[in-house]
Amino acid sequence: MNKKRRFNDGWEFAKSGLETASPGELSFKPVDIPHDWLIYNTLDLYENSIGWYRKTFTYTGSDEQVLLAFDGVYMDSTLYVNGQQIGEWKYGYSSFEHEITEALAAGENEIVLKVVFRSPNSRWYSGAGIYRNVWLKTRGRSHIVTNGIYVSAARDGDEWQADIETELKLDRDAVLTHTLLYKGEIIQSSAEQVSPGAGHNDSAVILNLQKLTVPDPQLWSTEAPHLYTLVTELRPAAAGAGGSAGGPVIETVAQSVGFREIRLDPNAGFFLNGKHMKLNGVCEHHDLGALGAAFNKEALRRRLRILREMGVNAIRTAHNMPAPELMDLADEMGLLVVSEAFDMWERPKTAYDYARFFKDWAAVDVKSWVRRDRNHPSLLLWSIGNEIYDTHADERGQEITRLLMAEVRKSDPKQNARVTIGSNYMPWKNARKCADLVKVAGYNYAEKYYRQHHAEHPDWIIYGSETASVVQSRGVYHFPFEQSILADDDEQCSALGNSSTSWGAKSAEACILAERDTPFSLGQFIWTGFDYIGEPTPYHTKNAYFGQIDTATFPKDSYYIYQAEWTNYKERPMVHLFPYWDFNPGQMIDVRVCSNAPRVELFCNGVTVGSREIDHKHGQELAGWWKIPYREGEIKAIAYDEHGRVIAADVRTSFKDARQIKLKPDKESLIANGTDLIFVEITMEDEDGRPVENANNRVFVEVTGAGRLVGLDNGDSTDYDPYKGLSRRLFSGKLMAIVAAGTEPGTIRMKVSSIGMDSRTLEFAALPCAEEELRGISAQQSNRELPIVMGNPDEIPLRKIELLSRSGQHLDDTKSMVEVEAKLYPHNTTYTEVEWSVVNDAGIPYNLAQMEDNGHMARITALGDGNFRVRCTSKNGSDKIKLISELEFTASGLGMAGKDPYGFISAGLYDYSQGELGNGNERGVATSRDGETRVGFRNLDFGSHGSNEITIPIFALTSEPYPLQIWEGMPGEAGSELLADAVYQKETKWNVYQEETFRLNKRLRGITSICFVLRQKVHIKGFYFTRQNRAFAQNAAADCDHIYGDSFKIVDSRVEGIGNNVSLEIKEMDFTAEGAAKLAVYGHSPIDKNTLHVRFSGQDGESRQQLIEFAHTDGYEVKEFPLDKVTGVQNVTFIFLPGSRFDFGWFRFER
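As numbered in the UniProt record's numbering, the sequence shown has no gaps in its residue numbers, which increase by one up to the final residue, 1151.
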């Protein structure tokens, strides 16, 4: 009988550098498959390396064909059997198999798989290795071709007809039977005799078509995913039996199928089985957090269950073919799937990505992809690419689009799913030409074009293939809510919902509203469901911040915002209140409440704060929002139905330092099959049993008995402690421990300890499983002691910095100074060092107040009117800021404080904008990709001398030229003037700002404003002006700070007709320690001699004069005069005595 068996056991692994040609000298160690060799070192997740996998097995020589099948190997793999190269496979995401029969010998055989990981080859963390399941297939010459059964079902009146096409290879007559079962009961069956035909050869493929008619089947839907089982059997035909089967079964294939009717309407949107619905989708990468890319079905099942509870009904497999089990689970759990193939075509996005192989391998990969997954009822669309630059660059993109469409259709001619593409280039014509080919147009972050393109292309089916990209860190809040804050010193993003990227939605609510109010759109796929490793916008940390659930599988607050809109309160009422309740006394806190109910009410310490009506169908405000000064106690949110009945409540309570460990497993037992998992949530409570929601204590986890610890994760992108170690800190009060089954039943014991607390233990039962489940399974690896990166093993981390201002938070001309104290919790923390600063609402250093700090006390002196925040931070055992505490202050009656243009001014300090301006990386701003954007900065104090040289760090998305205008004042305002019509052009470096210096056509002086005007998208980090040292510059006489006396006139840059008692004064000329020893003067003396007194006044109050005599000239000439050495900062005055007649052009001091 033809067989397919799991082949994950008995593998060994060794790693080498890229230069290694053979594994002969390497040291191999046993390894569990699936395996990701990169996940073990969080400090080098993209290590250039080769993974060598080795396995021996015994071959009896009885099978006619032996194949080794891989669900996925990342990437560029080569298979050897007994030293003989069998074949290659380049793409890391498609499934493949190699026939190895000819290389086998009776007895023991050695398999070696070489896997090359050359970085960078992906925009996100890919992992590396045999990260999906491996199978050994044995078969005779008569067999069903791999993935050769094609099922398509369509409604025919009251009945459904299922067409089943089967590809066979036969060396004898056979009977092919299809049996359809529902919950074990036979519903319908069909059988036909199939012959190889006269003159057949073993390589010829025979196509058999059979039809099953099914009256009134149970339909598959997202609410009720009814599945049928199709069992296909191949048996030898009985001799002379008229088509009946005889002898044992040759091969059996069982698969889930379903009956569903999908309609994509250009005007009305998406219909499933005649019912209109919106796709509430998420994009998902393939890593599983602490498990890395190594696939585990139970981990994925749990993730999909969390998404379903959020209200998700669709998945986009961004940006690659999924594991086959994802499709199985989607069938089972009622999730529609947009299955995506590629993130690049012929034009690369990274140096070593799949573009290297695309021309030669794309058709092969598409065939593998489509044939494997085409029968799944969950399948919605085939996406042939994501953000493909080829579609934008030239007509070649349209050629490749046609080619890929044709390849999909070869394997899915009846269109079980239509072809689509997800594009961020839809504003441009070439990409629209590609969209016009597929007709199902996925838009990435381009909702604003929906209506225009719908009108221009009424036959297009439009949906949001990628939306949102709002970033957030679970349990971290940057106030105030109304201030958009993309980046801050702690390298976290605010979970309040006020951290938006330059290209994404302004908020989760904005994303929801845009889709809700576009009736012709199919729906959207938000970026992303879960956080994933890699792409840590806007920082350079470890994992992404885009998810609604973090890598440790803990939901963020945004999860509940979507849940409130994607679920029904009549079926599953919910309300969610955030943030937690532990801040500085008097600090103004933004409190938000989301619910799927029609009304919510907020209470603080038992007193109502207010209520909000939420119109989910038509309203613009989808969540309640209040500002409350923090005081210890409790906040509570209550949700009411339309009759005023309480249907849900949520509470946040003040808490103290952590005193006890709490463990919460997601189940009490597991199956001892080597792959089952238990997820244990580790949290802390204070002495009163209240959750400590900002706890960050370090814990140690020990698992013994019949289980293994296989992962620790807290979701913190800045925490590089290993996933595979035995100790980690909690982040925002939580840590997840992943416990895996072994292969023996028994008791699993888990012990969790932390300094200063009693340890906690749990016991789980590992239940026996069928012997068949253990075949081909390896379950040896577990976490082990690894070096701690964040802090140290004996630490007591700092949990909270409490700021106290006993003199209030308002300053004025009668009280411009206040003292602020920082109290640390817990008091016995290992890390007591703090840093102070003054910032604005966006967390950017601000000149509105001056800071004098002394340990845990700081004296704040206001320098001007406005609002500012006192910030106290801690690195908490690391080399970067980890904790931020702030208290807001106001100042009035002090006047204006100007900005210093000679220090770096963050673009986030802008005072004026016009057009679409978004958050840029590193506290910068991002201009619009189409249309004009202006960003202006007022109250820049250039001083009397000023500057005409500005340096701007810019990140441009391409290496093309970017026109940039620089104005004094805001264009259109009185007195505004264009200073430079410049162009920025540099070889782009992704997410890296590069400085460019521009010279303006005039020197800016005094207090003034500047404005940048652009018409393309760039990120501007900020700017600074060159402080030009007047002492050694050529200074026009008319540019002196003060000119006074009896007789003179200013002509252009000159001062002419200088007569009696005229003085020209220049302030604060810095001669440096090196000093000046000469003076060059460009002038005209119409008389025989003009005597000039040059007075130098130092900052110490001392003055001295030097005398020079400028002899007669016929016109302007340069004359040089020796000086006694002048050093340091001096005010310089040129004094002309009675009897002078002089025309003064310029002067310059020289060394």
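Yeah, the Cβ is synthetic: ideal placement off N, Cα and C, and Gly gets one too.
Sequence-distant residues of its chain with Cβ nearer than 6 Å to residue i (five each side left out)
{"i": "F889", "result": "Q809, F868"}
{"i": "T138", "result": "K3, D63, V66"}
{"i": "G292", "result": "D36, I39, G127"}
{"i": "F357", "result": "K90"}
{"i": "G969", "result": "G975, S976, S1009"}
{"i": "L79", "result": "I86, G87, H98, L113"}
{"i": "V116", "result": "I50, D76"}
{"i": "H856", "result": "A822"}
{"i": "E407", "result": "A363, V366"}
Inter-residue spacing [alpha-carbon to alpha-carbon] between residue i and residue j
{"i": "T1008", "j": "K724", "result": "56 Å"}
{"i": "M786", "j": "P793", "result": "Checking the sequence, you will find Leu at residue 786 rather than Met. Those two C-alpha atoms are separated by around 11 Å."}
{"i": "I206", "j": "S411", "result": "15 Å"}
{"i": "E795", "j": "I755", "result": "8 Å"}
{"i": "L300", "j": "G895", "result": "60 Å"}
{"i": "N498", "j": "I462", "result": "28 Å"}
{"i": "E233", "j": "Y640", "result": "57 Å"}
{"i": "D365", "j": "E284", "result": "20 Å"}
{"i": "E251", "j": "I777", "result": "23 Å"}
{"i": "Q1099", "j": "T1133", "result": "14 Å"}
{"i": "Y74", "j": "E47", "result": "13 Å"}
{"i": "E1068", "j": "L824", "result": "44 Å"}
{"i": "D9", "j": "Y93", "result": "21 Å"}
{"i": "S484", "j": "G918", "result": "9 Å"}
{"i": "R690", "j": "T653", "result": "7 Å"}
Limits of the beta strand (DSSP E) - the one that residue i falls within
{"i": "H453", "result": "Looking at the DSSP string, H453 is not in any beta strand (DSSP E); the run it does join, the alpha helix (DSSP H), is 450-456."}
{"i": "Q1105", "result": "1103-1111"}
{"i": "V983", "result": "977-984"}
{"i": "R1148", "result": "1142-1150"}
{"i": "G1083", "result": "1076-1084"}
{"i": "W566", "result": "From DSSP, W566 is part of no beta strand (DSSP E) but of the alpha helix (DSSP H) over 557-566."}
{"i": "H576", "result": "575-578"}
{"i": "C594", "result": "588-595"}
{"i": "T464", "result": "It should be pointed out that residue 464 corresponds to Gly in this sequence rather than to Thr. Here the beta strand (DSSP E) through G464 covers 461-468."}
{"i": "L602", "result": "599-604"}
The alpha helix (DSSP H) enclosing residue i, as first and last residue numbers
{"i": "F358", "result": "358-373"}
{"i": "I950", "result": "Element bounds for I950: not the alpha helix (DSSP H) but the beta strand (DSSP E), 947-956."}
{"i": "P1122", "result": "First-last for P1122: 1117-1126, but that is the beta strand (DSSP E), not the alpha helix (DSSP H)."}
{"i": "Y91", "result": "Careful: Y91 lies outside any alpha helix (DSSP H) and carries neither H nor E."}
{"i": "L307", "result": "297-310"}
Cβ shell of residue i (< 7 Å), same chain only, five flanking positions each side left out
{"i": "D981", "result": "Q965"}
{"i": "S928", "result": "G915, E916, K1017"}
{"i": "S1085", "result": "F1110, A1111, H1112, T1113, F1142"}
{"i": "T229", "result": "L181, A254, S256"}
{"i": "R374", "result": "Y150, S411, D412, N416"}
{"i": "A623", "result": "E509, I561, R592, V593, C594"}
{"i": "A672", "result": "A706, A741, G742, T743, E744, P745, A766, L767, P768, C769"}
{"i": "E687", "result": "K656, R659"}
For residue i: DSSP bridge partner residues
{"i": "R155", "result": "W160"}
{"i": "D650", "result": "A637"}
{"i": "V1129", "result": "D1070"}
{"i": "F271", "result": "R263, H276"}
{"i": "C872", "result": "W836, S885"}
{"i": "N386", "result": "G422"}
heavy atom of the ligand ATP below 6 Å from residue i C-beta
{"i": "V116", "result": "No copy of the ligand ATP occurs in the structure displayed, which carries no ligand at all."}
Close beta carbons around residue i, own chain, < 8 Å, minus the five adjacent residues each side
{"i": "D1088", "result": "A1111, H1112"}
{"i": "N280", "result": "G311, V312, N313, A314, G523, Q524, Y562, W566"}
Run through the stretch 901-937 for me and flag every whole beta strand (DSSP E) of 3 or more residues, listed as ranges in chain order.
912-914
In chain order, what are the residue ranges of uninterrupted alpha helix (DSSP H) at least 4 long that sit wholly in the stretch 110-159?
Listed in chain order, the alpha helix (DSSP H) elements of length 4 or more contained wholly in the stretch 110-159 amount to none.
To test your reading of the DSSP string, which unbroken beta strand (DSSP E) runs of 3 or more residues are found completely within the stretch 738-817?
746-753, 760-767, 800-804
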